[in-house]
Structures are given as C-alpha cells and as structure tokens.
Amino acid sequence: MSDSVKFGLVGYGSGGRIFHAPLIAAAANIEFLGVVTTNEERRKELAANLPGRAAFDSIGALKAAGAEAVAISTPVTTHADLALEAIELGLHVVVDKPFTLTADVAKEVVAAAKAKGVLLSVYQNRRYDSDFRTLRRLIDDGQFGTVRRFESRFERWSPERKPGPAGGGTLLDFGSHLVDQALLLNGPAVRAYAEVRGSGELDDDFFLALHHVNGVESHLWGSWRQGAPGPRYRVAGTTGAFIVAGIDGQEAALKAGRSPAELGDEWGVEPESAWGRIYRGDDGTSVRSERGRWDLYYPAFAAAVRGEGALPVEPSDVVRNMTVLDAARESARSGQAVRL
Numbered sequence: 001m002s003d004s005v006k007f008g009l010v011g012y013g014s015g016g017r018i019f020h021a022p023l024i025a026a027a028a029n030i031e032f033l034g035v036v037t038t039n040e041e042r043r044k045e046l047a048a049n050l051p052g053r054a055a056f057d058s059i060g061a062l063k064a065a066g067a068e069a070v071a072i073s074t075p076v077t078t079h080a081d082l083a084l085e086a087i088e089l090g091l092h093v094v095v096d097k098p099f100t101l102t103a104d105v106a107k108e109v110v111a112a113a114k115a116k117g118v119l120l121s122v123y124q125n126r127r128y129d130s131d132f133r134t135l136r137r138l139i140d141d142g143q144f145g146t147v148r149r150f151e152s153r154f155e156r157w158s159p160e161r162k163p164g165p166a167g168g169g170t171l172l173d174f175g176s177h178l179v180d181q182a183l184l185l186n187g188p189a190v191r192a193y194a195e196v197r198g199s200g201e202l203d204d205d206f207f208l209a210l211h212h213v214n215g216v217e218s219h220l221w222g223s224w225r226q227g228a229p230g231p232r233y234r235v236a237g238t239t240g241a242f243i244v245a246g247i248d249g250q251e252a253a254l255k256a257g258r259s260p261a262e263l264g265d266e267w268g269v270e271p272e273s274a275w276g277r278i279y280r281g282d283d284g285t286s287v288r289s290e291r292g293r294w295d296l297y298y299p300a301f302a303a304a305v306r307g308e309g310a311l312p313v314e315p316s317d318v319v320r321n322m323t324v325l326d327a328a329r330e331s332a333r334s335g336q337a338v339r340l
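Numbered according to my numbering, the sequence shown terminates at residue 340, and the numbering increases by one at each position without gaps.
Below is the structure:
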C-alpha cells in the first residue's frame with residue numbers, strides 16, 4: 001500500500017454507498033481513507049459497511065488527512081461547486097454522472113482542473129458493461145458488417161417512482177451513459193433530435209436520435225414508464241444485427257451487497273442465458289459475453305494519478321457528452337432537430 005493513492009469519497013447516499021465505495025475499497029492501488037458526510041444516519045451506515053474508514057466533515061478535512069484524490073457522488077446540482085472546491089485544494093477528482101447540468105459549466109470545471117494541474121474524470125462505469133464490451137469486440141471484428149443503426153435503451157417499468165433530483169431527470173441521468181456510449185462507438189454527432197416527457201418536475205421518459213458524421217443513426221431511449229422495455233441493444237449492420245435483451249448484471253450484484261473484492265474472477269461474468277445473439281433473418285447465433293469490469297475504473301484512475309496510464313475517461317469526452325445533452329433539451333423544447 002506504500003504507493004497506493006490515498007482516496008476519499010464525497011457523499012454516501014445510494015450512489016456513493018452502492019456504486020462507488022465498494023469499488024474504491026476493492027482497488028488494490030488505492031488506500032480508501034473515508035467519506036465526507038455530515039449526515040448521522042450515513043455515518044452509521046459507513047461504520048457498519050466499511051469499519052475503519054473515517055467520516056469527514058468537509059473536503060478540506062479529507063485533504064488534511066492526506067487524501068490525494070476524491071470521488072464526488074452527490075446530487076448533480078452540487079457537482080460543479082464540490083469539484084471546484086476539491087480542485088482548488090489540489091485534489092485529483094472523479095465526478096459521478098451527470099457531470100454537471102450544462103456544457104458551459106462542464107467547460108468551467110475542466111478549465112479549472114487544467115489550470116491547477118490536477119486530473120479530472122467522470123464516472124462512466126457503463127463503458128465497462130459486459131454487453132458494451134462485447135459489442136465493441138464484435139464491431140472491431142466486423143462480425144455483422146458496417147454499423148448502420150445503433151439502438152440503445154435504459155427502459156424500466158416503475159410508474160410509481162419519480163426520478164430523483166440527484167440525477168437531474170432521466171435525460172441527464174440515463175442519457176449521460178447512453179450518449180457517451182453512442183459517441184464512443186460511432187464517433188461525433190452532427191445533429192440531435194429529442195422528445196422528452198415527464199409526469200412531475202423532472203422528465204421520466206425520453207427519446208434521442210443522433211446523426212453521426214460517419215452516417216450511423218443512433219436511437220436512444222430512457223424511461224421509468226415503459227411497460228414493455230425493449231432490448232438493451234439492437235445494432236444493425238450490413239451483414240446482420242446484434243441484440244442483447246437484458247442489462248449488465250454488475251448493478252444488481254452491487255445492490256445485493258456483492259463486490260469485486262468478494263467475488264474475484266467471478267465478478268462481472270454473465271450467465272449464458274444473458275448472452276446476446278447475432279441475427280441474420282431468423283438465424284440467430286449466441287455470442288459469448290465479455291466479462292463486465294466496473295472494477296477497472298478506479299484502478300485506472302489511480303494509475304493515471306501516478307503517471308502510469310491514461311485517464312479512464314478524458315475531460316474532453318465530458319464536454320462532448322454535455323454538449324449533446326444540451327442540444328437534446330433544446331430540441332425537445334423547440335420540436336426541431338438541432339445541429340451540433
């Protein structure tokens with residue numbers, strides 16, 4: 001642990017407690033110091049879940065304890081201010097998605113990190129999903145020809161649930177992942193068209209179409225109100241199509257209290273029943289799924305802090321994604337496609 005990066009976490013709500021703390025704690029090249037939270041209930045949960053990790057009153061106190069880096073998992077409305085505070089203290093920073101509310105604010109945070117000489121990244125763990133890693137392998141191998149249409153969904157049937165303000169609504173929350181994956185696979189987009197609906201203050205259902213420079217059309221859906229959720233992916237190429245029905249299992253594993261530290265090499269392995277299929281008409285062939293590897297993100301960030309590798313997600317990717325999401329909101333308001 002002598003050269004491990006001393007790391008802290010800000011926020012211990014469901015995001016910090018379920019999706020960040022277990023993965024930070026499992027990273028071999030990280031020394032997890034503790035969590036910034038002043039909520040007494042959260043402090044009790046931290047003591048029960050991760051004995052020996054301290055609870056801090058502020059990012060400043062975390063820095064004084066020797067922290068070199070921090071992950072921010074708080075409501076999206078607080079992300080920019082907390083990131084700027086951490087940057088000013090000289091800490092390397094990971095921000096959960098949605099990174100910020102707008103692209104302009106994202107640019108401000110990115111510029112501050114550059115000026116201070118610290119590393120900045122966003123927690124795009126869905127780049128490490130089993131199905132997405134499998135899809136990238138198949139595309140690289142030309143298994144279904146040249147991609148023409150990319151369909152991607154996070155659709156759920158939870159009509160009683162209202163999107164929480166922590167995520168900023170479904171377009172920002174689900175859309176942060178869907179847009180990131182679409183741009184990563186298909187390159188920059190030149191046009192966006194969106195339809196957004198909501199039953200309360202925050203949207204709970206959206207559709208977003210992107211036209212990419214290379215001609216690929218991305219159709220992205222996110223919803224808490226979809227009674228018949230579609231496949232996670234349907235990717236159509238010139239010689240076939242790839243379909244994955246369900247969602248990567250790492251989220252369910254974390255919610256069940258499992259972790260990479262506990263499961264080791266079994267972490268992220270999908271059962272054969274969850275594998276995707278390549279179709280050519282009625283002829284479908286099962287395709288072995290790559291192992292899901294959310295456990296790679298934090299070790300990669302820590303290695304970058306030590307100058308031993310690239311950032312897992314570059315700040316420029318964050319600005320690019322937020323620019324598309326800004327355009328999606330503008331399109332939804334105007335009813336017109338927006339050029340990027």
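Just so you know, even glycine gets a beta-carbon here, dropped at the ideal spot from N, CA and C.
How big is the Cα-Cα spacing for V313 and V122? 6 Å
DSSP three-state assignment for A364, whether helix, strand or coil: In the structure as shown, the chain starts at 1 and stops at 340, and residue 364 therefore has no counterpart that could be examined.
Can you give me the C-alpha to C-alpha distance between G16 and F7, rounded to a whole angstrom? Each residue's Cα considered, the two are about 13 Å apart.
Can you tell me which of the three DSSP states S121 falls into? strand
As a quick exercise: from S259, A192, L220 and K255, pick the residue whose alpha carbon is nearest that of V213. A192
According to DSSP, simplified to helix, strand and coil, what is L325? Three-state result, L325: helix.
In DSSP terms, what V213 is bridged to: In the DSSP output, where bridge partners are listed per residue, V213 has none listed.
Residue ranges of each beta strand (DSSP E) run of no fewer than 3 residues wholly in the region 267-326, ordered along the chain? 276-280 and 283-287
Closest to V118 by C-alpha separation, out of G249, S331, G13 and L311, would be which residue? L311
Between A28, A25, Q143 and S14, which lies nearest to E41 when the distance is taken from Cα to Cα? S14
Within the same chain, show all residues whose beta-carbon is closer than 7 Å to that of T74, passing over the 5 residues directly before and after it, in chain order. V10, G11 and L82.
Limits of the unbroken beta strand (DSSP E) element including E31: I30 to V36
For the region 98-143, list the beta strand (DSSP E) runs that are entirely contained and at least 3 residues long, ordered along the chain. 120-123
Proximity to R156 [Cα-Cα], best of R320, G292, I247 and V70: The residue with the shortest Cα to Cα distance from R156 is I247.
Do you know whose CA, among T37, T77 and I139, lies nearest T100's CA? T77
Exposed unless 16 or more other CB atoms sit within 10 angstroms - verdict on V319: By the Cβ-count criterion, V319 is buried, with 16 or more other Cβ atoms from all chains shown falling within 10 Å of its own Cβ.
DSSP three-state label for I243, please. When secondary structure is reduced to three states using DSSP, I243 falls in the strand class.
Buried or exposed, going by whether 16 or more other CB atoms sit within 10 Å of the CB of A241? buried
What does D96 pair with, by DSSP beta-bridge criteria? DSSP output for D96 lists Y123 as bridge partner(s).
Limits of the unbroken beta strand (DSSP E) element including F150: V147 to E155
Considering only C-alpha positions, which residue in the set I139, D173 and K97 is nearest to F154? Comparing Cα positions, the closest option is D173.
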